[in-house]
Amino acid sequence: MNFGPLGKGIGGGMKALKLFSDLTGSVFGIKTQDFAKDMATLETVGGSYGGSSALIADAANKAGKRYGLFGLGAKHRANRLIDRARIQ
Numbered sequence: 014m015n016f017g018p019l020g021k022g023i024g025g026g027m028k029a030l031k032l033f034s035d036l037t038g039s040v041f042g043i044k045t046q047d048f049a050k051d052m053a054t055l056e057t058v059g060g061s062y063g064g065s066s067a068l069i070a071d072a073a074n075k076a077g078k079r080y081g082l083f084g085l086g087a088k089h090r091a092n093r094l095i096d097r098a099r100i101q
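If you want it as structure tokens, here you go:
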């Protein structure tokens with residue numbers, strides 16, 4: 014859909030909002046929990062737990078990231094994912 018100048022104004026505002034959130038996140042951001050995957054354990058477990066290894070890899074990618082002022086929901090989701098991966 015094309016909203017003309019209004020769409021450009023809204024789009025520019027969203028880009029500015031994301032930039033503001035990223036800047037505040039880098040200065041005042043809240044980090045997710047730390048988590049590291051143990052490759053030796055994953056190799057021992059093997060392919061029988063494919064879903065678990067994918068979950069662990071996803072949690073390791075999200076661990077230690079900073080979330081800005083408007084990213085609290087994303088931070089909570091990432092922390093829940095890391096908690097689930099620790100149980101695996």
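Quick note: the sequence shown uses the numbering used here, first residue 14, plus one each step.
Ideal Cβ placement from N, Cα and C applies to all residues, glycine included.
Computed from a predicted structure; not experimentally measured.
Separation of S65 from D96, as counted between CA atoms: 13 angstroms
Contact check, K44 vs I69, beta carbons under 7 angstroms: no
Looking at the strands, I want to know which residues DSSP matches up with I43. Y80
Residue range of the alpha helix (DSSP H) that includes K50: Looking at the DSSP string, K50 is not in any alpha helix (DSSP H), and its letter there is neither H nor E.
Determine the direct distance from the alpha carbon of L94 to that of Y80, and round the result to whole angstroms. 15 angstroms
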